[in-house]
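A short write-up of the structure that comes next.
In this note's numbering, the protein residues as written are 73 to 106.
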């Protein structure tokens, strides 16, 4: 049970980081800092 919960949290965290990186990249690409 504990292992399942930890695995789920890790997957959610990884997905969150992945989405955040894509969001930051898209923002920089569409509006490059001057």
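Don't be surprised by glycine CBs; every beta carbon is placed ideally from N, CA and C.
For residue 103, there is no enclosing alpha helix (DSSP H), as DSSP marks it with neither H nor E. In the three-state reduction of the DSSP assignment, residue 73 falls in the coil class. Taking the Cα positions, residue 88 is about 12 Å away from residue 80.
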